[in-house]
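Below: one structure, written as structure tokens.
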Ligand SMILES: [Zn+2]
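Numbering (our numbering), first residue to last: 342 to 566.
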């Protein structure tokens with residue numbers, strides 16, 4: 342039977358930013374991947390706020406941007422329609438995620454690093470905590486990977502699981518280009534992801550960094566057979 346991977350993240354662009362290459366690799370390895378996106382990212386408007394406007398983004402637009410980013414890959418999606426920016430760790434969020442995971446029965450979960458310093462987006466932290474809370478009640482789960490929170494150094498993130506995404510790096514950049522509504526953000530740029538990918542490569546082997554290998558990094562929370 343195919344290994345099942347549940348990717349549980351807060352917003353439509355989170356998977357593209359943090360684990361797109363890993364998802365591509367897992368799919369090529371024959372794993373089944375399901376992307377559960379907790380909100381539709383309607384408050385992803387900081388660029389517009391700079392222009393003095395305070396409007397909500399079209400939920401469908403952001404969902405479609407992510408569907409486009411994964412077009413051609415055999416991955417399935419579930420949208421939980423939680424309120425973007427207002428997700429709070431607690432019973433309701435835990436219940437919403439747990440119901441989905443009980444149905445999915447995943448072998449592997451990829452989710453947000455529940456940054457205890459509060460450096461990362463509040464929704465990311467809430468989702469990470471909610472997933473870790475309910476995962477011990479999902480018997481199928483054998484491995485949990487916590488994603489790079491992007492502000493890596495300031496968050497206390499200690500990566501110990503690295504996925505070589507060199508073969509998928511260009512595809513990841515194309516996926517990020519689908520996030521038109523988020524245009525202008527530094528973390529969508531190729532330089533940002535190259536720097537991160539090479540930084541992790543150099544931590545593993547100088548030779549890998551010299552030969553332009555790129556990695557996505559995770560803190561492995563649990564792993565057993
Ligand atoms: Zn996010």
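All residues carry an ideal CB built from backbone N, CA and C; glycine is no exception.
- Under the DSSP definition of a beta bridge, residue 503 partners with 558.
- Sequence-distant partners of residue 383 (beyond 5 residues in either direction) whose C-beta falls short of 6 angstroms from its own C-beta, in its chain, are 397, 398, 400 and 425.
- Close CB contacts of residue 473 within its chain, under the 8 angstroms cut and outside five residues either way in sequence, are with 452, 455, 485 and 562 (chain order).
- A residue is called buried once 16 or more other Cβ atoms fall within 10 Å of its Cβ, and residue 370, having fewer, is exposed.
- Taking the CA atoms as reference points, residue 367 sits about 10 angstroms from residue 504.
- Looking at 415, 527 and 496, the one whose alpha-carbon comes closest to that of residue 358 is 527.
- Annotation: residue 449 to residue 458 spans about 26 angstroms, alpha carbon to alpha carbon.
- Counting the other CB atoms within 10 Å of its CB gives residue 489 a total of 16 or more, which places it among the buried residues.
- In terms of side-chain proximity, the C-beta atom of residue 351 is found nearer than 7 angstroms to a non-hydrogen atom of ligand 1.
- Here the alpha carbon of residue 549 sits roughly 29 angstroms from the alpha carbon of residue 344.
- Fewer than three pairs of CB atoms, one per stretch, sit closer than 8 angstroms, so the segment 492-509 makes no contact with the segment 473-483.
- Taking residue 407 as the centre and dropping the five residues before and after it, the same chain places the C-beta of 353 closer than 6 angstroms to its C-beta, in chain order.
- In this structure, DSSP gives residue 438 a helical state, which the three-state scheme calls helix.
- The alpha carbon of residue 385 has as its nearest neighbour, out of 520, 539 and 441, the alpha carbon of 520.
- Rounded to the nearest whole angstrom, the C-alpha separation of residue 375 and residue 410 is 14 angstroms.
- Distance between residue 502 and residue 554, taken at the CA atoms: about 15 angstroms.
- Residue 496 sits close to residue 461, with the two beta carbons spaced by under 8 angstroms.
- Between residue 419 and residue 377, the C-beta gap is smaller than 8 angstroms, which places the two residues in contact.
- Annotated as proximal: residue 510 and residue 362, with beta-carbon spacing under 8 angstroms.
- DSSP places residue 463 within a helical segment (H, G or I) once states are collapsed to three.
- For secondary structure counted as the beta strand (DSSP E) over 3 or more consecutive residues, the segment 351-426 holds these complete runs in sequence order: 373-380 and 416-423.
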